[in-house]
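Residue numbers for the sequence shown follow my numbering, so the first one is 328 and each next one is one higher. Glycine is no exception: its CB is placed at the ideal position from the N, C-alpha and C atoms. The structure displayed is predicted, hence computed values, not measured ones. In what follows, a structure is listed as structure tokens, so that the remarks can point back to it.
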Amino acid sequence: MTTLSLTDMQAISERHPDVFAGSWRKTLTGWAVGLGLVAYLAFAWWFFAAGAVLAGGNWGIAGTYLADWVSYEVRPQIDFKDDRLDISYPRFSAYRADRHPHWLSFERPATTAAAAPANKASASHVTAFIGSNDSIEVTPAQVLVRRGGETLDVAVVRRVSVVASGPLPSWATQKKPGEKITVDFGFAGSAQIDADDVNIRHRFFGWENFFFDGHSPYWGKSTGEVMSLIASDERIDSKMSNAALAWDNIVNNSEWQHGDVWIKMLQTIVMAFVGTLFASLLAFPLAFLAARNITQNRLVNQVAKRFFDFLRSVDMLIWALFFTRAFGPGPIAGISAIFFTDTGTFGKLYSEALENIDDKQREGMRSVGASPASVQRYGVVPQVLPVLISQSLYFWESNTRSATIIGAVGAGGIGLKLWEAMRTNSDWENVAYMVLLILIVVFIFDNISTALRQRLIGNKASH
């Protein structure tokens with residue numbers, strides 16, 4: 328084989344310049360495509376007002392929500408009274424008038440003009456230790472905040488105003504003189520000092536009361552103490568063993584609702600499986616009617632294909648809304664939505680697989696006098712069955728994710744539970760828990776589906 332030198336190539340290009348010259352049409356087409364793409368992106372940016380959305384986004388709130396996924400806040404409220412302070416906690420908090428966090432200390436008043444309500448604890452002086460160098464000291468007329476090496480002294484005139492003794496440090500803000508002062512401790516939390524009360528938010532990393540809520544006898548105990556109680560022969564509840572009581576407390580945890588979440592997750596799995604199974608069973612025989620090489624009647628082919636197009640052209644979410652109206656909220660609506668959508672999708676995929684089979688096997692079956700049913704059974708099905716099952720397994724795994732989305736519109740399952748937690752705008756740790764549970768389930772079913780598909784493809788290749 329002759330190899331051209333660089334000199335020979337230059338000589339040839341000089342003798343035949345038209346051959347080596349680039350086409351102006353190709354050059355112009357490349358520029359046109361590039362300019363068109365830039366114009367499209369600019370139009371999309373303007374049409375969707377992306378700049379205004381990014382500029383108007385409250386990124387501080389987004390950061391707080393993300394922090395709530397992996398942390399929790401303890402929120403004591405200290406109310407100012409004439410001669411005392413009243414300490415209280417949110418309604419569903421594990422802390423109460425006779426149970427306080429270890430970082431909150433207070434002194435009982437010597438005398439009070441009026442007793443505090445039963446759900447509140449009275450104090451004359453309260454100190455909240457936010458960190459090693461950060462704290463908040465509260466008395467009926469004064470709040471002293473320490474952060475790092477700085478101190479903020481706030482005088483409180485009950486129901487009138489709060490006044491700082493000097494300039495506010497960088498970590499404290501006040502919109503107008505006399506109004507509330509907000510103190511920021513970073514990730515550790517914050518506090519709002521008002522003329523009526525002091526609201527403290529102390530943040531900790533982790534998920535609070537994940538196993539036992541404040542009503543459980545195991546609450547607040549270390550792992551060793553819990554295991555010791557479980558192994559003890561002395562029963563906490565005479566009706567059940569300590570181990571059964573611990574399991575009951577975990578499942579019926581009022582804050583995390585493990586039992587309900589697990590049931591909803593099981594509903595999601597069942598919705599995906601049953602919907603996919605029914606869709607496969609219906610689409611399989613109908614695909615033979617849609618395949619042109621199987622059913623020679625063109626009218627029947629078109630009717631079957633248009634039926635599949637109709638079912639899959641309506642999104643699964645729309646079907647879920649429709650069936651939620653028809654059957655009410657619950658897994659039946661979700662199963663029906665998956666069934667309708669996947670019947671259309673499977674019908675199209677199955678019919679295309681049938682139209683691409685090798686006709687030699689069918690011809691061989693006909694040559695030995697096999698009946699039409701036997702021709703399809705032994706000449707067609709063995710060719711396409713591994714492919715059809717593989718596609719069904721993939722959609723089963725995919726529908727496990729889709730069932731979560733349609734559940735949010737009322738079709739049952741974990742999606743509805745997830746949406747309820749998001750609507751509270753405060754239970755983001757519960758949202759993170761359910762999202763993590765969904766990821767684990769999807770990961771498991773993805774691996775199961777992949778393993779089964781590989782076995783089917785391997786069996787097909789070996790034959």
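Residue environment, residue i, which counts as buried when at least 16 other CB atoms sit within 10 Å
i    : result
E756 : buried
P699 : exposed
A614 : buried
G822 : Residue 822 is absent from the structure shown; the chain starts at 328 and stops at 790.
Y367 : exposed
K566 : exposed
M761 : buried
H790 : Interpretation of H790 is limited by its pLDDT of 46, a score under 50 that renders its predicted location unreliable; the figure taken from the coordinates is listed afterwards. H790 should be labelled exposed.
I527 : buried
M692 : buried
N446 : exposed
D636 : exposed
I771 : exposed
R652 : exposed
M592 : buried
V380 : exposed
DSSP bridge partner residues for residue i (one or two, in chain order)
i    : result
Y399 : F531
A518 : V510 and I527
T500 : T509
R473 : S462 and T478
S432 : T454
F407 : L412
G484 : According to the sequence as given, residue 484 is Val; it is not Gly. According to DSSP, V484 bridges with S488.
A371 : DSSP lists no partner for A371.
S449 : D413
Three-state secondary structure assigned by DSSP to residue i
i    : result
L364 : helix
S789 : The predicted model places S789 with a pLDDT of 46, which falls under 50 and marks its position as unreliable; any figure quoted below should be read in that light. S789 falls in the helix class under three-state DSSP.
I765 : helix
Q781 : helix
V553 : helix
V695 : coil
S340 : helix
A573 : helix
R562 : coil
R426 : strand
S701 : helix
G547 : coil
A389 : helix
Terminal residues of the alpha helix (DSSP H) in which residue i lies
i    : result
A730 : V708 to I733
T454 : No alpha helix (DSSP H) holds T454; the beta strand (DSSP E) holding it covers H452 to F456.
S332 : First-last for S332: undefined, no H or E at that position.
K744 : I741 to R750
L495 : Unbroken run through L495: none, as it is neither H nor E.
A382 : A377 to G383
The beta strand (DSSP E) enclosing residue i, as first and last residue numbers
i    : result
V489 : S488 to A491
beta-carbon residue i near the ligand ADP non-hydrogen atom, thresh 8 Å
i    : result
E400 : This structure simply doesn't include the ligand ADP, nor any ligand for that matter.
Original post:
Can you give, in chain order, each stretch of the alpha helix (DSSP H) that sits fully within the segment 577 to 664 and has at least 4 residues?
Top reply: 585 to 617, 625 to 640 and 643 to 654
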